[in-house]
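S.K.: Positions 160 to 988 (the working numbering) are the ones given, in order, by the sequence shown.
My questions all concern the structure below.
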Amino acid sequence: MNNKDEFQFAQYPDFLDAVPGLEDDLFELRAMPDEDGYIDCPFLPLRDIVLFPQMVMPLFVGRERSLAAIQAAIINNENLIVAAQKDSSILVPGVDDIYTVGTEITIGKALRMPDESNSVLGQGRHRVEIVEFIQWEPYIRVRARLIQEPLDWQRNTEALMRAVTTLFEKVVDLNRNMPEDAYTFAINIDEPGWLADFVASTLNISLEDRQNMLETIDPTIRLQKMSIALAKELDVLELEDQIHSQVQQEVEQAQREHFLREQMRVIQGELGEGDIFTRELHELREAIAKKSLPDAVRAKAEKEVARLGAMPPMSPEVGIIRTYLDWIVDLPWLDKSEDNLDVTHAASVLERDHFGLDKVKDRILEYIAVKKIAADKMRSPILCFVGPPGTGKTSIGRSIARSLGREFIRISLGGVRDEAEIRGHRRTYIGALPGRIIQAIRRAGTANPLFMLDEVDKLGQDFRGDPAAALLEVLDPEQNNAFADHYLDLDFDLSQVMFVTTANMLDTIPPALQDRMEVIEFSGYLEEEKLEIGRRFLIPKQLNQHGLADVGIHIETEALRTIINRYTYEAGVRNMEREIANVCRKVARSVAENKRFPKRITARHVDDLLGPPRFLQEMLQEKDEVGVATGAAWTMAGGAIMFVEVNLMPGKGSLTLTGQLGDVMQESAQAALSYIRSQSDSLKIKNELFEKLDIHIHVPEGAVPKDGPSAGVTMATALVSAFTNRPIRRDVSMTGEITLRGRVLPVGGIREKALAARRAGIKTFVLPKKNERDLRDIPKRLRQDITFVLVENSTQVLAAALLPLAPKKRKRSKAAPILAVPPPGAPPA
Ligand SMILES: Nc1ncnc2c1ncn2[C@@H]1O[C@H](COP(=O)(O)OP(=O)(O)OP(=O)(O)O)[C@@H](O)[C@H]1O
Ligand SMILES: [Mg+2]
C-alpha cells in the first residue's frame, strides 16, 4: 500500500507545490471536539505507517472499509483518525490488532492514481487515544481523546534540540538515501515535539520504534529517545561508511594509478616530451606506416599496435607484442636488391675467386643469361652442391652471391631435429621466436638473398616432427611464395630467394628433397689442382691475412707439395689451407719478434716449421702379402684406400668378421665366400679345407664404420689369396660388388676412389666394366699415372691382383696350408 520512499518524500512542504490545486481545500479543521475533549470520527487503519502530527503524506487506500471511511469523512466534512496496525499483514483488523494511540488527520482531495488505486493526501493534527470503536460497518468509527502535549520547555530541552540537530546533520551526511535539505528543514523547526517527530519520521527505524515515539507524549523525553536512536543510527552508518570506503579504496588504488599515468601522459604530451611507452608506440606506428608491407601484413601489424596501445605499459604481454612487431618491421617483406645480370662481370668474379669448378660456374652463368632474357618469369633454381669437405662448396656460394650482387646468408642444418627450428614456435610459447629460415632472412635484409642451407645430408629427425618436411615446403617453388612460419603467423614470400644446399653425400638426403634440387657434384682435387689452388688463391689469401703480403715471402711449389703430401690427406683443400696458415703464423711471429726468417720457404723449411710429417706419401703395404688386399672406399671425406685382411686357422669352418662392418658389407663377405666355395675346383682349393679351417676377415681402422657392397671383390681376392697362399700385389687397388656367380657389378664414387688410390701411390686400379663411363670424369693426368683395368668377373680381378705362388719359405700364417696350386686364369698384368 505504501513504501518508505513516498513516506519520506511527503515530509517536504514543497510537496504541496507539486500537486497543483490542492492547497485550497486541504487541511481545514472540520470537526471540533466536545467539552470533554473527545472526538468521534471515521477511522482508517494504517499498515506500516505511523503518521505524526503536522506531517503531510499521501495515504494509499485499497480496502473497501477504508474507502468508505474516507468517503464518509469527505461527505460529512469530518476529520479522520488513523492508527497503525500491529501486524500489517492482517486485512480486516479487530480491536486488538490496532494500536490505541493514533493521530487525528485532516484530508485533502482524494486522488485517483494512474494504476487505478486511490490515494488521499492527509496531514496529521493531534495525537489521540482511541477510547472506543463505535461501529465496524460499512466503515469503522471511533471515539478518541485528544492528547495534550506539555508545552513548557525544560532546562535541557534546548540542549537536546541542539544535540538532535547536530546528530541529524551527521546522519543526513552519511546516509546516501536522505536528501540534504532534510537537515535544512530540521534546523528551521523550533518546536521540540515537532522536531522529534520529524526526525523520527525520516529515520530508518522500525514500526514499533516509531509507534513508541508517537506514544511518548512529553517532547523532551521524545527528544531524548530520538538522540539515542540517532546515535545508534550514526554508529551503524559510520561502520557502513568505513567498510564502503575500504572497498572503495582498494578499487580506487588501481584506478588512481591509471588515472595518474594518464594525466602524466597528457602533461608530457603538452610539454612535447611524451613518456617512453607512448614514444615507442608512436615510433612503431611510424615505422609500420613507412615500411612497404604486403596488405595482410600491414593489417596484422596495425591490429597488434592497436592492441599494444590499449594495454597498461606494465602488462607482461607488452614485451611479447613489441618483439613481434619488431620482427614484422625488421623483415624485408618486399625489399629486393637489384640483380647484376652482367654475364662477363659474373664470370670474372667467379674466375677470380675459384680455380676449376667449371660445372658450377657454367650453371651460374647460364642462369644469369636466362634471367636476363626471361626477366622475372624464371624461377630461381635450387642447386645442391655435393662433394667432400673443403672442396669449395660454401665459398663458391659466397662468390655466386657476390657476382649476382645479392646478399649471402647461410644456416647449417646439421643436427637439426625439430621442425620448430625451421618453422619457429607459436607465439603462445614463452620466449618463442621465428624459425631459422626467417631469422636468416632478417639478417639478409633483402627478400632475394642467396640462401645457403649447409649440410642437408645431416638433417635429423625425431619425435618433434620432421624438419625435412618443413624444408620441402621451403624448397618447393610451388609453395614457397607463402612460407608459413609459426611465430609470424603470416605468409612470407621466399620465391625470390636463391637457395643453394650443400652436402657431403647424396645417400642420406631424403629422396623427396633430392627431387626438388639440381645436384651439382664437387669432387676431390688432384695434387696438381691443389698446387694450383694453393699457389693462386690460398697462399696469397693467407699471406694477406697474416700481414705478410708486403714482406716479400714466397712459398715454393715444392714446399706446397710437401704440405699436400706429407701434412694432409684429404680430398679438399681445407687442411692444406690450415697448414699454409700455420706456416704463415710462424713466419709472422718471427717478423714481429724481429728474428731472422726465410724469405723463400722451401720444403725443408716446411719440415722445420710444421714438425715431423703426419702422413707418409706411400700409404701402401710395405710388401706384397698373402691375405691382404687393397680396396678403395668412398667416404664423406672423399675417397680412401682400405685394406682387407684374411687369416685362416684350424677350426670348424666358421666365419668371423670384425672392423665395424655394416650389414651390407657382411653379406657381401658371405657372398664372396660362397662364390669361392662353389668355385673351389677351378680355383684349385681343396674342398675339405672349408670344414677344417676357421676364417677371420678383418678390415682395419676399426673405429670407422664401413658399409656398402663395393668391397666385395676385395674380400674375395683376400680370401682366395689366403686359401691359395698366393700374395697380392700391393700396388693394385680394386672396387666392385661381387655376385654369387662371381660377376662384378658397378659401384659409386669411382672418381674419388681413383683420386685416393693415386694419393696412396697405387699403380693399377681394378674397376667394374659397367663403370667405364665414370672414367670420363677422371682427369687426364691421373689416367697417365694409373692403369685402369675394367673387369666383368672375379677371375679377371684375381688375374690382375694375385702374384704367382709364393716361394715356400715365405710363411705367412701358421694355419695357412701350403698348397701347390698353379695360378688360375690369365697371368697377372
Ligand atoms: N676451387 C677452389 N678455388 C679456390 N679456393 C678453393 C677452391 N676450393 C676450395 N677452396 C677454398 O677451400 C676452403 C674450404 O672451402 P669450403 O669451406 O667452401 O668447403 P666446403 O666444400 O663448403 O666444405 P664442407 O663440406 O666441409 O662444408 C675455402 O677457403 C675455399 O676458398
Ligand atoms: Mg661448407
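Virtual Cβ for every residue (Gly too), placed ideally from N, Cα, C.
Based on the DSSP secondary-structure assignment, which residues constitute the bridge partners of residue 895?
M.R.: None, per the DSSP bridge assignment.
S.K.: Does the count of Cβ pairs from the segment 201-209 and the segment 225-234 closer than 8 Å reach three?
M.R.: yes
S.K.: At the level of alpha carbons, what is the spacing between residue 891 and residue 490?
M.R.: 59 Å
S.K.: With DSSP run on the structure shown, which of helix, strand or coil describes residue 312?
M.R.: coil
S.K.: Shortest alpha-carbon distance to residue 689 belongs to which of 713, 237 and 728?
M.R.: 728
S.K.: Whose C-beta lies closer than 8 Å to the C-beta of residue 812 among residues of the same chain, with five residues either side of it excluded?
M.R.: 849, 850, 851, 852, 853 and 854
S.K.: CB of residue 705 to nearest heavy atom of ligand 1: below 7 Å?
M.R.: no
S.K.: To the nearest angstrom, report how far apart residue 459 and residue 453 are at their CA atoms.
M.R.: 10 Å
S.K.: Among 528, 266, 745 and 378, whose alpha-carbon lies nearest the alpha-carbon of residue 760?
M.R.: Here the closest residue by C-alpha is 745.
S.K.: DSSP three-state label for residue 403, please.
M.R.: helix
S.K.: Would the segment 350-367 and the segment 209-217 be scored as touching if the rule is three or more Cβ pairs under 8 Å?
M.R.: yes
S.K.: Span of the alpha helix (DSSP H) holding residue 486?
M.R.: 475-489
S.K.: Please write down, chain order preserved, every residue whose beta carbon lies under 7 Å from a heavy atom of ligand 2.
M.R.: Going along the chain, the residues that qualify are 552, 553, 613 and 661.
S.K.: Between which two residues does the alpha helix (DSSP H) holding residue 504 run?
M.R.: 502-512
S.K.: Out of curiosity, what's the CA-to-CA distance linking residue 233 and residue 407?
M.R.: 54 Å
S.K.: Output needed for residue 619: all residues of its chain with C-beta closer than 8 Å, excluding positions within five of it in sequence on either side, in chain order.
M.R.: 574, 575, 576 and 626
S.K.: Taking 8 Å as the CB-CB limit, is residue 279 close to chain B?
M.R.: No chain B is part of this structure, which consists of one protein chain only.
S.K.: Measure the Cβ-Cβ separation of residue 249 and residue 255 and say whether it is below 8 Å.
M.R.: For residue 249 and residue 255, no; Cβs fall outside 8 Å.
S.K.: Do residue 516 and ligand 1 come close, with the Cβ less than 7 Å from some heavy atom?
M.R.: yes
S.K.: Can you list, in chain order, the stretches of the beta strand (DSSP E) that have 3 or more residues and sit fully within the segment 244-324?
M.R.: 260-271, 277-294 and 300-305
S.K.: Please go through the same chain and pick out, in chain order, the residues whose beta-carbon is closer than 6 Å to the beta-carbon of residue 543, but skip the five residues on each side of it.
M.R.: Closer than 6 Å at the Cβ level, and outside the excluded window around residue 543, lie 660, 676 and 678.
S.K.: CA-CA distance, residue 634 and residue 908?
M.R.: 27 Å
S.K.: Does the segment 709-723 come close enough to the segment 757-773 to have 3 or more Cβ pairs within less than 8 Å?
M.R.: yes
S.K.: Quick one: using the 10 Å Cβ neighbour count with 16 as the cut-off for buried, is residue 587 buried or exposed?
M.R.: exposed
S.K.: Could you check if residue 295 is buried or exposed, using at least 16 other CB atoms within 10 Å of its CB as the buried criterion?
M.R.: exposed
S.K.: Go ahead and pull the three-state DSSP assignment for residue 197.
M.R.: strand
S.K.: State the Cα-Cα distance for the pair residue 411 and residue 466, rounded to the nearest angstrom.
M.R.: 24 Å
S.K.: Output yes or no for whether 8 Å exceeds the beta carbon distance between residue 595 and residue 580.
M.R.: yes
S.K.: For residue 550, verify whether its CB is less than 7 Å away from any heavy atom of ligand 1.
M.R.: yes
S.K.: Using 10 angstroms around the beta-carbon of residue 899, count the other beta-carbons present and answer buried if the total reaches 16, otherwise exposed.
M.R.: exposed
S.K.: Just to confirm, does residue 731 get its C-beta within under 7 Å of one of the non-hydrogen atoms of ligand 1?
M.R.: yes
S.K.: Taking the C-alpha atoms as reference points, what is the distance between residue 288 and residue 399?
M.R.: Cα to Cα, residue 288 sits roughly 39 Å from residue 399.
S.K.: Is residue 738 near ligand 1, judged by its Cβ being under 7 Å from some heavy atom?
M.R.: no
S.K.: Can you tell me whether residue 323 is buried or exposed, with buried defined as 16 or more other CB within 10 angstroms of its CB?
M.R.: buried
S.K.: I'd like to confirm the pairing. Which residues does DSSP put opposite residue 791 in its beta bridges?
M.R.: Residue pairing for residue 791: DSSP places it in a beta bridge opposite 800.
S.K.: In angstroms, rounded to a whole number, what distance separates the CA positions of residue 662 and residue 781?
M.R.: Cα to Cα, residue 662 sits roughly 36 Å from residue 781.
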